[in-house]
Structures are given as structure tokens and as C-alpha cells.
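Undergrad: Got a structure here, written out as C-alpha cells. Questions coming.
There are 2 protein chains.
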Amino acid sequence: MASHPEPHLAAPLTLCPNAKAATHCEQCRVRSLSLCGALEPDELIELDRLSRPLSLSARETIFEQDELADSVFNITAGSARLYRLLPDGRRQIVGFALPGDFLGLSLTERNAFSADALTPLTACQFSRQAFSDFVDAKPHVLRKLHQLASHELSMAQEQMVILGRRTAEEKIASFLIGLRKRWARLSQQSVTIPLPMTRQDIGDFLGLTVETVSRMLTRLAREKALLIVPDGVRLLDVKRIETMAES
Amino acid sequence: MASHPEPHLAAPLTLCPNAKAATHCEQCRVRSLSLCGALEPDELIELDRLSRPLSLSARETIFEQDELADSVFNITAGSARLYRLLPDGRRQIVGFALPGDFLGLSLTERNAFSADALTPLTACQFSRQAFSDFVDAKPHVLRKLHQLASHELSMAQEQMVILGRRTAEEKIASFLIGLRKRWARLSQQSVTIPLPMTRQDIGDFLGLTVETVSRMLTRLAREKALLIVPDGVRLLDVKRIETMAES
DNA sequence: CTTTGTCCCTGATGCAGATCAAAAAGCCTG
DNA sequence: CAGGCTTTTTGATCTGCATCAGGGACAAAG
Numbered sequence: 024m025a026s027h028p029e030p031h032l033a034a035p036l037t038l039c040p041n042a043k044a045a046t047h048c049e050q051c052r053v054r055s056l057s058l059c060g061a062l063e064p065d066e067l068i069e070l071d072r073l074s075r076p077l078s079l080s081a082r083e084t085i086f087e088q089d090e091l092a093d094s095v096f097n098i099t100a101g102s103a104r105l106y107r108l109l110p111d112g113r114r115q116i117v118g119f120a121l122p123g124d125f126l127g128l129s130l131t132e133r134n135a136f137s138a139d140a141l142t143p144l145t146a147c148q149f150s151r152q153a154f155s156d157f158v159d160a161k162p163h164v165l166r167k168l169h170q171l172a173s174h175e176l177s178m179a180q181e182q183m184v185i186l187g188r189r190t191a192e193e194k195i196a197s198f199l200i201g202l203r204k205r206w207a208r209l210s211q212q213s214v215t216i217p218l219p220m221t222r223q224d225i226g227d228f229l230g231l232t233v234e235t236v237s238r239m240l241t242r243l244a245r246e247k248a249l250l251i252v253p254d255g256v257r258l259l260d261v262k263r264i265e266t267m268a269e270s
Numbered sequence: 024m025a026s027h028p029e030p031h032l033a034a035p036l037t038l039c040p041n042a043k044a045a046t047h048c049e050q051c052r053v054r055s056l057s058l059c060g061a062l063e064p065d066e067l068i069e070l071d072r073l074s075r076p077l078s079l080s081a082r083e084t085i086f087e088q089d090e091l092a093d094s095v096f097n098i099t100a101g102s103a104r105l106y107r108l109l110p111d112g113r114r115q116i117v118g119f120a121l122p123g124d125f126l127g128l129s130l131t132e133r134n135a136f137s138a139d140a141l142t143p144l145t146a147c148q149f150s151r152q153a154f155s156d157f158v159d160a161k162p163h164v165l166r167k168l169h170q171l172a173s174h175e176l177s178m179a180q181e182q183m184v185i186l187g188r189r190t191a192e193e194k195i196a197s198f199l200i201g202l203r204k205r206w207a208r209l210s211q212q213s214v215t216i217p218l219p220m221t222r223q224d225i226g227d228f229l230g231l232t233v234e235t236v237s238r239m240l241t242r243l244a245r246e247k248a249l250l251i252v253p254d255g256v257r258l259l260d261v262k263r264i265e266t267m268a269e270s
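Quick note, the sequences are listed as chains A and B, same order.
Following this note's numbering from start to finish, the first sequence increments by one per residue and tops out at 270.
Following this note's numbering from start to finish, the second sequence increments by one per residue and tops out at 270.
Rendered as C-alpha cells:
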């Protein structure tokens, strides 16, 4: 799990705040999928000047819950887990962030959750204040930000349905189908779903234990609905898994 | 449960879009708590002109999931439940709306959930298009809208923790403490918590069955942590319930 | 007054998924 | 490539909450 070469973004990747050219963002592979896709060329240059490149190895923390949120991030490569911890150690993962995802949508004073890297990760980091000023001066960017937040909100509501009213099997199926869709936006193929997170992480996302996650996956594999491969799964019977996911 | 006279807002209530005066909103009791609190006087008048008064009895539906979202709403009195239905009838309530709450934060094409009135309810209704145009022309209003959406998002994430990682007892306790806090914003007192929703609704919000909700409430009552009163509960031992809620 | 319907409560029983335990499979690092 | 990690898998057992069943309270309708 330590090295995770992002199988879906295999081509050499020129990152957003990559010093060489004056026009870094132009070559950013996730630009069109992220907030930056809403920017005019001159705004892109302006925002680029505010950004600091961030590069983390797997397991490093991006920020922690309840800390002062002095930065916001746009992930350019790699993935992360976002979670809240209860005092007694129970953990709820509230989401996984993939390339193109924006962390800090809410522009609030403090972080609502912790975030750490699941794989080596690169991101464009901005000072919250500078970013906030930038956005405030550009209503259409604020609008895009709000759209992204709205999308997050409906994902969260969908996750509430999954957590509250679905069985273990349905949870696993929805998780796989949902993740497949997100990976599909980022790459072409979508039969093999990279799983940069551990079984424990999946359990903490779905309100299950590691053991249940493992059992469900091996059962689906035994039933030839999928194939477990290193760092992911390959869906063999998408229809069946989709049916499970939709109840 | 049929008639529910809003015990916390007992004084005669002049509603936002109430024909008498030219200045309806000025007397709106939830104005300062809602989106309208962010408006300048002239904007308030402008928005008021876009609004249509809406008045529903308990059980009437406000809108339904997947329908075209042609309206947005600002609730001025009464409460509502927001929920998603699975094809087989299982239901997840994603939230309860109280006076001052705004429905339609996401400005998306279609409703992500259904909403219906738990009690007689009044609201200011706006055409989504007109409202959207109004907001687009006023960055600071858009910013407020985004703030509200961010707040919704963190509530949803908190609910994910509750659904995924807490026991039945903790769920009930967090629910009561959370609702208490919300009622407290709207009124002064906060020992008696109105529960305009049924036990079934609470169960569908917390991922429990009616029976479990009932059992937990009666157990807390038996243990003198609270008192079950008509259409609500009175907290006798707030500390204890808060401790349960925080795990 | 009885009837009907909804909601709430309570008890008995069952089961999906948790917990406990341990082996197997990968991995890094020296 | 051995040894010590962590992660995953598998099996046995337990349990918290669901399910099933039924009774009582209350309001609205006849």
C-alpha cells in the first residue's frame, strides 16, 4: 500500500504549480475537472501565483480536525481520506478525495475533519485568506465553489442513506459503484477500480468492521462478481453489483 | 400530533410575505436567523417582491425527490422532514427543517430529496430562476448561501458519524442534544424539546427502528434523564445526555 | 357510543454483523 | 531472504438491534 503509482494516471504528469513554465496550470491534468476549470486564463494565472506546491508521501497528514483552517487545497494527484475521530478512537471516514477534488470548500474557521494522504499526493495549496479574497472578488468562482459544495452535500446525503438504511452487501456494492464512477471521470477505463485505502478504511467509511468488508469482498469474488487484484478490484459483473447497489 | 401549535413561538406571528404592510419582512421572526438576515433593506424589499406566501397543513408535501426543482423555500413557521426513499420503501430522513431554514440551497436542477410538513407550516416560496438571478447579482448573498450550504455539509458529516459509528443510545442522545441546540436558537428556553416528528421519523433519521427509539426514550425516562411529554421531551439531566452524545 | 386509524409502548425471538482469535499473505528493511 | 511489520482472510461465537406480535392510548369519523 505504501507505493501507489496511480495506475489510471500513468502518463508522466505535469503538475499545476510546477516551476518550469510560466503556464503551469495549462498542463494540469485535473484542471478541467476541478475548480480551476471555471477560471478565465488571466484568473488562472492570478490563482497560480497564490498557490504553493505541496507534495506528501502516503500516511502524511494534510490537516487535522478542529485545527485552524489556514489553508485550502486542490488535489492534483494521489488520494486522501477525510475523517472524524471520536474521543474513544472510533473513526468515521466522511469521504475519500481524488485528484481534482478541493479540500476546504466551506471556508470555515476550523476544519470539520482530518485529512491524510492514502498515497503519495500532490496538491496546490493556498492560504485560506488569499483564496477567500480571490473568490470574493469573482462571483462566478464563488458560484462554482458553491456548486462543488452542493455536490458534496448531496454525496453526503447519499452516504447517509447508505449508512442508515442499507445492508453490508449493499454498502459494499454502492461503494464500488460510486468509486467506479468517480475514477471514470478521471480516466478512460473503469472495470478495474483502484482501492488506495485499506479494508479498515472502507469499513470506517461504510459503518462496518474490517472483517465484514473482507468477507463481503471475498464473497463477491467467490461468486464471480468481481476479481480482487493488488490495490483494487476488477468488476466482472457490473450489472449485478449495480443491482445490489440500487437495492 | 395533528395540530401542533409551535409551543416555542407562541406569540402571534406576522409572516414574511404577509399582505398587510408594505414591510412584511421587517416583522418576520426568523429573518435574522435566515438567509434574509444577510440582506440590505432595499434587497429585502426586492426579494420580498419575488416571494409567494406558502401555507401547508401537516403531512402535505413541499416537494418530491427527483422532481424538477422549480422553487426554493424559506421556512417561516412549522417544521418539515427531508428524506430519500429507496425503491423497496426503506426511508432515510436526511434532516429536519425548522423555522429559518432554507430549502433549495443547492440550486440544482432536481431535488435531491423529498420534503413534507410535520406540522402546519408557512414559508416564503421563490421561483428558483428568479431567486437564482437575484443571488447571482449579489455576491454577498451568494456568499451567505454558500455559508449555509457549508453548515449543512458539516451537519451532514456529523450525521454520518452518528449513523456509522454510534450505538442506539448515543444516537438518541446526540439527536436530542442537537435538536435542543437548534430550538434554542429560535426561542429562549431549551429544557423542553418539541418533537414534531414521530418515533418512526426519528428512527429513519438515526438508522434505527421505531421500537428501538421507543425503548431508548422510555429507558432514559425510567432512568430520570428525561421526561416524555406530549409532542416532546423535557430533559431532566442534560449533563448525562450530553455525555452520552459525546461518547 | 362505537369504530377505525395512527401512534406508542413492551415482550419474545432471531439474525446480521460485531467481536474474538489466529492463520495466511504481503511488505518493507537490514 | 530473513525477520518483523501491517494487512487481509477465515472461522467460531456473541450480541445489539431488528423483527415479530400484540396491547393500550388517543383522536377523528360515523
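The C-beta atom is built at its ideal place from N, Cα and C for all residues, glycine as well.
Quick check: G101 (chain B) and P162 (chain B), are their CB atoms within less than 9 Å of each other?
TA: For G101 (chain B) and P162 (chain B), no; Cβs fall outside 9 Å.
Undergrad: With DSSP as the reference, label G255 (chain B) as helix, strand or coil.
TA: Strand.
Undergrad: So, with DSSP's three-state summary, where would you put S270 (chain B)?
TA: Coil.
Undergrad: With H, G and I counted as helix, E and B as strand and the rest as coil, what does DSSP make of Q212 (chain A)?
TA: The answer is coil: DSSP assigns Q212 (chain A) none of H, G, I, E or B.
Undergrad: According to DSSP, is S94 (chain A) helix, strand or coil?
TA: S94 (chain A) falls in the strand class under three-state DSSP.
Undergrad: Please list, in chain order, the chain B residues whose beta carbon lies closer than 7 Å to that of A179 (chain A).
TA: Residues of chain B passing the Cβ test: L176, A179, Q180 and M183.
Undergrad: Can you list, in chain order, the residues of its chain with a C-beta nearer than 6 Å to that of G112 (chain B)? Leave out the 5 residues immediately preceding and following it.
TA: Nothing listed; no residue qualifies.
Undergrad: Using a Cβ-Cβ cut-off of 9 Å, state whether V95 (chain A) counts as contacting chain B.
TA: Not an interface residue.
Undergrad: Contact check, T145 (chain B) vs S94 (chain B) under 8 Å by CB: the rounded distance?
TA: Contact doesn't hold; Cβ gap of about 15 Å is too wide.
Undergrad: Contact defined as beta carbons within less than 8 Å: I believe E175 (chain A) pairs with L176 (chain B). What is the distance between those atoms, to the nearest angstrom?
TA: About 6 Å; that satisfies the 8 Å criterion.
Undergrad: For a quick check, are the C-beta atoms of A179 (chain A) and L141 (chain A) less than 9 Å apart?
TA: No.
Undergrad: Could you give the uninterrupted runs of the alpha helix (DSSP H) lying entirely in the region 152 to 199 of chain A, keeping only those of 4 residues or more?
TA: Here the runs fully enclosed are 162 to 188.
Undergrad: Measure the alpha-carbon distance for T131 (chain B) versus E246 (chain B) and round it to whole angstroms.
TA: C-alpha separation (whole angstroms): 46 Å.
Undergrad: For the beta strand (DSSP E) that D139 (chain A) lies in, which residues bound it at each end?
TA: Looking at the DSSP string, the run of the beta strand (DSSP E) that includes D139 (chain A) is S137 to A140.
Undergrad: Got a sec? Which residues, its chain only, sit under 8 Å from I264 (chain B) by beta carbon, not counting five neighbours each side?
TA: If we look at I264 (chain B) and ignore the five residues flanking it on each side, its Cβ neighbours are A196, L199, I200, L243, A248, L249 and L258.
Undergrad: Throw me the rounded Cβ distance for the S135 (chain B) and A172 (chain A) pair, which I believe falls under 8 Å.
TA: Reading off the sequence shown, one finds Ala at residue 135 (chain B), where the question assumed Ser. Going by Cβ atoms, the distance from A135 (chain B) to A172 (chain A) rounds to 13 Å, so no, they are not a contact pair.
Undergrad: I want to verify the contact list: residues of chain B whose CB lies under 7 Å from the CB of Q115 (chain A), in sequence order.
TA: Residues of chain B passing the Cβ test: M183, V184, G187 and R188.
Undergrad: Just tell me which of A:T266, A:R189, A:T241 and A:L105 has its CA closest to the CA of D227 (chain A).
TA: Ranking A:T266, A:R189, A:T241 and A:L105 by Cα distance to D227 (chain A) puts A:L105 first.
Undergrad: Report the residues of the region 228 to 244 of chain A with a CB closer than 9 Å to any CB of chain B, ordered along the chain.
TA: Answer in chain order: F228, L229, G230 and L231.
Undergrad: Does the beta carbon of M267 (chain A) sit closer than 9 Å to a beta carbon anywhere in chain B?
TA: It does not: the Cβ of M267 (chain A) has no partner Cβ on chain B nearer than 9 Å.
Undergrad: Considering only the beta carbon of each residue, do F125 (chain A) and L62 (chain A) sit closer than 9 Å?
TA: For F125 (chain A) and L62 (chain A), no; Cβs fall outside 9 Å.
Undergrad: Answer with buried or exposed for D71 (chain A), where buried requires no fewer than 16 other C-beta atoms within 10 angstroms of its C-beta.
TA: Buried is the call here.
Undergrad: Output yes if chain B places a C-beta closer than 9 Å to the C-beta of D260 (chain A); else output no.
TA: It does not: the Cβ of D260 (chain A) has no partner Cβ on chain B nearer than 9 Å.
Undergrad: Which residues does DSSP pair with G230 (chain A) in a beta bridge?
TA: According to DSSP, G230 (chain A) bridges with nothing at all.
Undergrad: Which class does V53 (chain A) belong to by DSSP, given the choice of helix, strand or coil?
TA: If DSSP states are grouped into helix, strand and coil, V53 (chain A) belongs with coil.
Undergrad: Following the continuous alpha helix (DSSP H) through L21 (chain B), name the residue where it begins and the one where it ends.
TA: Residue 21 (chain B) falls outside the range modelled here, since chain B spans only 24 to 270, and no answer is possible.
Undergrad: Please list the residues of the region 118 to 148 of chain A that have a C-beta atom closer than 9 Å to any C-beta atom in chain B, keeping them in chain order.
TA: Listed by position along the chain: G118, L128, S129, L130, T131, A135 and F136.
Undergrad: Nearest to A103 (chain B) by alpha carbon, out of B:F86, B:V53, B:P64 and B:T232?
TA: Looking at the Cα atoms, B:F86 is the closest of the given residues.
Undergrad: Return yes when the Cβ of E193 (chain B) is within less than 9 Å of the Cβ of R133 (chain B), no when it is not.
TA: The answer is no: Cβ separation not under 9 Å.
Undergrad: Against chain B, does H169 (chain A) count as a neighbour if the rule is that its beta carbon must be under 9 Å from one of theirs?
TA: At least one chain B Cβ lies under 9 Å of H169 (chain A).
Undergrad: Evaluate R75 (chain A) with the Cβ neighbour count: other Cβ atoms within 10 Å of its Cβ, from every protein chain shown; 16 or more gives buried, anything less gives exposed.
TA: Exposed, by the Cβ-count rule.
Undergrad: Beta carbon of R166 (chain B), beta carbon of G127 (chain B): below 9 Å?
TA: No.
Undergrad: With 9 Å set as the bound, which would you pick, yes or no: does the beta-carbon of D156 (chain B) sit closer than that to a beta-carbon of chain A?
TA: So no, D156 (chain B) is outside the interface.
Undergrad: Are Q88 (chain B) and G230 (chain B) touching if we call contact CB-CB under 9 Å?
TA: Cβ atoms of Q88 (chain B) and G230 (chain B): not closer than 9 Å.
Undergrad: Looking only at its own chain, which residues have a Cβ that is under 7 Å from the Cβ of V158 (chain B), when we skip the five neighbours before and after it?
TA: Hits under 7 Å: V164, L165 and L168.
Undergrad: Quick one: give me the first and last residue of the beta strand (DSSP E) that L218 (chain A) is part of.
TA: Premise fails: L218 (chain A) is in no beta strand (DSSP E) and is neither H nor E.
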